[in-house]
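With the working numbering as the guide, the letters of the sequence shown map in order to residues 1 to 201. By construction, the Cβ of each residue, glycine as well, lies at the ideal position given by its N, Cα and C atoms. Note that the structure is predicted; figures quoted are calculated from it, not measured. One structure is given below, encoded as structure tokens.
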Amino acid sequence: MAFTLPNLPYAFEALEPHIDALTMQIHHDKHHQAYVDNLNKAIAGTPNEGKSLEELVKAAGTISPAVRNNGGGHWNHSFFWEILAPNAGGTPDGKLGEAINSTFGSFDAFKEKLATSGVGRFGSGWAWLIVKDGKLEISSTPNQDNPLMDVAEVKGTPILGVDVWEHAYYLKYQNKRADYLKAIWNVINWKKVAELYAAAH
Ligand code: MN3
């Protein structure tokens, strides 16, 4: 069974003004679609055909660069669309809010640390909030790698991820990655992140 592009769970313009409609359209319809297409091409007729996306991603160190990059791209973007939402943002409450405060000192300190991780990622990659051994941690990965991968420097279960590739923000924010990383808090779907946290620890 070939992999397919999941539908965006909201309209392209739903995250305006924080993420613009054209960026969302190109990001989903062109970039994500290309990861799906290239992943399908890379696994066609190989023993990797028929494996689940998660199986492929977890074995990143033993598969071809094409499967690692495009499989990671497909996993990461499918995840990213779900942890964003219109009329979202705010402050996480409940167990997740408590864990963020106790781990990082405060919600503001957490946001700053994640932004630093994203700004500090040279070139293209992702900044993550993960659960590792039951605890929250911030990490970043290059390219389309992610913390589920056997090759990740810091392994864990992602509960929030921010795409810091230029294609995620360049039309609106140009070279100002830090401004994009400030604006994105307005569209983080904390309800979804809290569900992922509850499932991961
Ligand atoms: Mn992207």
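Exclusion of the five residues before and after Y173 leaves D179, Y180 as the residues of its chain whose Cβ lies within less than 6 Å of its Cβ. The Cβ atoms of P6 and F79 lie no closer than 8 Å to each other. Distances taken from the Cβ of D163 to the heavy atoms of the ligand MN3 include one shorter than 7 Å. For the pair L129 and P47, the Cα-to-Cα distance works out to about 32 Å. Counting other Cβ atoms within 10 Å of its Cβ, L39 reaches 16 or more and is therefore classed as buried. For K95, the number of other beta carbons within 10 angstroms of its own is below 16, and it is reported as exposed. Per the coordinates, the alpha-carbon of G71 lies some 17 Å from the alpha-carbon of V162. Unbroken beta strand (DSSP E) stretches of 3 residues or longer found wholly inside the segment 72–126: none. Counting along the chain, L160 sits inside the beta strand (DSSP E) bounded by residues 157–163. Judged by beta-carbon spacing, G89 lies within the 8 Å limit of W185, meaning their Cβ atoms are closer than that value.
Relative to the ligand MN3, even the nearest heavy atom lies 7 Å or more away from the CB of H201.
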